[in-house]
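Colleague:
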Amino acid sequence: MERLEFTILMPCLNEEKSIGFCINEAKEYIEKNSLSAEILIADNKSSDSSREIAESLGARVVICEDEGYGNTLRKGIREAKGKYIIMGDSDGSYDFSYLSPFCEKLREGYDLVMGNRFTGKIEKGAMPFLHRIGVPALSLLGRLRYGVKTGDFHSGLRGFLREAAMEMEFKATGMEFATEIIGKFAEKNKKMCEVPINLRCDRREGKSHIRTFRDGLRHVFLILNK
Numbered sequence: 001m002e003r004l005e006f007t008i009l010m011p012c013l014n015e016e017k018s019i020g021f022c023i024n025e026a027k028e029y030i031e032k033n034s035l036s037a038e039i040l041i042a043d044n045k046s047s048d049s050s051r052e053i054a055e056s057l058g059a060r061v062v063i064c065e066d067e068g069y070g071n072t073l074r075k076g077i078r079e080a081k082g083k084y085i086i087m088g089d090s091d092g093s094y095d096f097s098y099l100s101p102f103c104e105k106l107r108e109g110y111d112l113v114m115g116n117r118f119t120g121k122i123e124k125g126a127m128p129f130l131h132r133i134g135v136p137a138l139s140l141l142g143r144l145r146y147g148v149k150t151g152d153f154h155s156g157l158r159g160f161l162r163e164a165a166m167e168m169e170f171k172a173t174g175m176e177f178a179t180e181i182i183g184k185f186a187e188k189n190k191k192m193c194e195v196p197i198n199l200r201c202d203r204r205e206g207k208s209h210i211r212t213f214r215d216g217l218r219h220v221f222l223i224l225n226k
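Just so it is clear: in the sequence shown, position 14 is 14 by my numbering, and no numbers are missing.
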């Protein structure tokens, strides 16, 4: 397998309205900074034209047959060719044209670099009111459980050492994977930090994949049952 320095990993489920925008942002960053990198789309059997758009723009696409955000990202991690993985949602809400803080911290030796939306900027309308309450509350619960300083457990933009991730026995299949990856890295005493990021309104037309109460409870159950 060809070894690259970075994999920009985007989970995807029917993102035809935004996937091209995200890929082009990432391509621009890679080219501007002369990175040894690939763009990998982990597709959860999209029924729209997401896959065709991604491939037409030069991204590599792998298909995850098992439903769920966690399953999709675990597939992407296994298939990634980069030493480091920077994963970000493909709805256009995260800025793939400015990944330097993640690259710098990973090269410094951090195993997990979390983006923190609350220390950056949140565009008006980008985060629902319930999430502004729920995310800090669940993050507090996660900090108490795992003994970490992470302020934003649910950030959709984060980077990590692939080798370290491959050591973990991830089990989460859904959105709670966002919490599990922090917990697993903490339990293995991996070196972790946060960097400020900005959150934009997503570019999709339609409903979010997040189900606030259901997914929130899944995070709670994962934290309390570990």
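Note that CB positions come from ideal geometry on N, CA and C, so glycine has one too.
Could you tell me whether the Cβ atoms of residue 157 and residue 197 are closer together than 8 Å?
Modeller: Yes. Within cutoff.
Colleague: Can you tell me whether DSSP reads residue 119 as helix, strand or coil?
Modeller: Coil.
Colleague: Distance check for residue 110 and residue 14, CA to CA, integer angstroms please.
Modeller: Rounded to the nearest angstrom, the two C-alpha atoms are 33 Å apart.
Colleague: Compute the Euclidean distance between the alpha carbons of residue 22 and residue 43, then round it to the nearest angstrom.
Modeller: Going by the C-alpha atoms only, they are around 14 Å apart.
Colleague: Quick check: the Cα distance between residue 10 and residue 194, rounded to an integer number of angstroms?
Modeller: Between residue 10 and residue 194, the C-alpha separation is close to 20 Å.
Colleague: In the DSSP assignment, find the unbroken beta strand (DSSP E) run with residue 149 in it and report its ends.
Modeller: Counting along the chain, residue 149 falls outside any beta strand (DSSP E), and DSSP gives it neither H nor E.
Colleague: Mind pulling the alpha helix (DSSP H) runs of 4 or more residues that sit fully within the stretch 1-68?
Modeller: Taking only runs of at least 4 residues, the alpha helix (DSSP H) segments lying wholly in the stretch 1-68 are 19-32 and 50-56.
Colleague: So who's on the other strand from residue 194, going by DSSP bridges?
Modeller: 114, per the DSSP bridge assignment.
Colleague: According to DSSP, which residues form a beta bridge with residue 87?
Modeller: 9 and 158, per the DSSP bridge assignment.
Colleague: So, residue 36 versus residue 12, is the Cβ gap smaller than 8 Å?
Modeller: No; because the gap between Cβ atoms is not below 8 Å, this pair is not in contact.
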